[in-house]
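*Asks:* Structure below; questions to follow.
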Amino acid sequence: MTEFVTRFAPSPTGRLHKGHAFSALTAWQAARDAGGRFLLRIEDTDFTRCRPAFEAAVLEDLAWLGLDWETPVRRQSDHRADYDAALERLRAMGVLYRCFRTHKERLALAGVAPHADDPADARAFNGGLHAPGDEAERLEAGQAFAWRLSLDRARDQLGGFDQLHWCEETADPGLHTARPEQLGDMVMGRKDIGAGYVIATVIDDAAQRMTHVIRGEDLIAVTSTQRVLQALLDLPTPVYRHHPLLLGPDGKRFAKRDRAVTLAEIRAAGVSPAALRAELGF
């Protein structure tokens with residue numbers, strides 16, 4: 020029988036809040052219930068936003084919450100060569116293209132206002148900025164670009180997406196067929212940081228032999244794109260559990276960008292770990 024292995028994989032771009040605590044506890048409890056393994060992974064591919072102080076705070080907050088995990092902790096910054104090799108493999112397949120559009124231009128094309136809630140992760144986009152022949156000039160000028168996965172080329176490479184499936188155990192349980200068109204041609208890497216989190220996550224899940232990926236339901240859509248990457252890179256597909264998001268009193272999900280109350284602030288207010296776990300249903 021295959022051993023149950025899952026993880027919690029935060030990005031050290033700020034302090035953890037209740038939403039993070041709920042997700043971490045959900046994965047940790049699932050591993051305990053299954054007599055399996057719980058791993059902590061630090062997803063710090065974007066060195067322009069991640070900070071060592073935030074990583075130290077993640078460890079402090081999770082330990083205070085009562086979680087334990089295996090060591091050493093895997094840090095994505097230690098494995099950039101693996102992710103960049105995967106990015107190069109995709110480029111050699113011909114399924115990537117350079118996109119020179121700015122974030123604002125991309126949102127305008129998708130009909131989304133720049134202030135829309137979570138536009139970066141929830142709006143489909145296809146196609147690059149430049150007309151044929153413009154790329155050399157833009158590269159010579161040193162213009163920034165992103166490597167995007169061409170769904171049209173990936174579909175041709177794989178002979179379609181209808182045969183790509185993944186098993187969901189929580190949100191709409193059952194066998195799901197990959198529908199990457201929901202998010203369109205997602206960014207796989209950037210000129211300044213190399214391969215990004217979408218590639219890094221599937222590489223890490225395979226390297227750490229994850230049997231179950233347990234995370235928030237806001238990431239259901241990206242699972243389809245990750246399933247395509249697993250097929251292109253010959254990687255295994257874990258079982259997925261996408262849990263409901265923890266919502267605040269205003270009905271909105273907790274988010275770093277909205278300055279949600281952090282675990283450090285909750286701790287400073289005198290709340291005990293047991294009380295917070297009970298509040299979150301654990």
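The numbering used here puts the first residue of the sequence shown at 20, with every later residue one more than the last. Even glycine gets a Cβ: it sits at the ideal position worked out from N, Cα and C.
#1: Note down the Cα distance separating residue 290 from residue 258, rounded to an integer number of angstroms.
#2: Consult DSSP for residue 177 and reduce its assignment to one of helix, strand or coil.
#3: Three or more C-beta pairs under 8 Å: does that hold for the segment 50 to 64 against the segment 215 to 235?
#4: Kindly list the residues whose CB is nearer than 6 Å to the CB of residue 250, restricted to its own chain and excluding five residues on each side of it in sequence; keep chain order.
#5: Taking C-beta to C-beta, are residue 292 and residue 84 nearer than 8 Å?
#6: To the nearest angstrom, how far is it from the Cα of residue 153 to the Cα of residue 247?
#7: For residue 209, which residues in the same chain have their Cβ closer than 8 Å to its Cβ, ignoring the five residues on either side in sequence?
#8: Can you look up residue 293 in the DSSP assignment and give me helix, strand or coil?
#9: Check whether the segment 104 to 120 and the segment 69 to 76 touch, using three or more Cβ-Cβ pairs below 8 Å as the test.
#10: Please name the residue in 186, 168, 197 and 191 whose C-alpha comes closest to that of residue 180.
#11: Once the 5 residues before and after residue 99 are set aside, which same chain residues still bring their CB inside 7 Å of it?
#12: Is there contact between the segment 48 to 62 and the segment 221 to 233, where contact requires at least three CB pairs shorter than 8 Å?
#13: If distances are taken between C-alpha atoms only, which option among 46, 101 and 115 comes closest to residue 81?
#14: Looking only at its own chain, which residues have a Cβ that is under 7 Å from the Cβ of residue 239, when we skip the five neighbours before and after it?
*Replies:* Taking the geometry as given:
#1: 35 Å
#2: Correct three-state label for residue 177: helix.
#3: Note that the segment 50 to 64 touches the segment 215 to 235; at least 3 beta-carbon pairs, one per stretch, sit closer than 8 Å.
#4: Taken in chain order, the residues that qualify are 177 and 183.
#5: yes
#6: 29 Å
#7: 163, 164, 165, 166 and 215
#8: In the three-state DSSP reduction, residue 293 falls in the helix class (H, G or I).
#9: no
#10: The option with the nearest alpha carbon to residue 180 is 197.
#11: Within the same chain, residue 99 has close Cβ partners 213.
#12: yes
#13: Ranked by how close their Cα comes to the Cα of residue 81, the residues 46, 101 and 115 have 46 in first place.
#14: Hits under 7 Å: 190 and 261.
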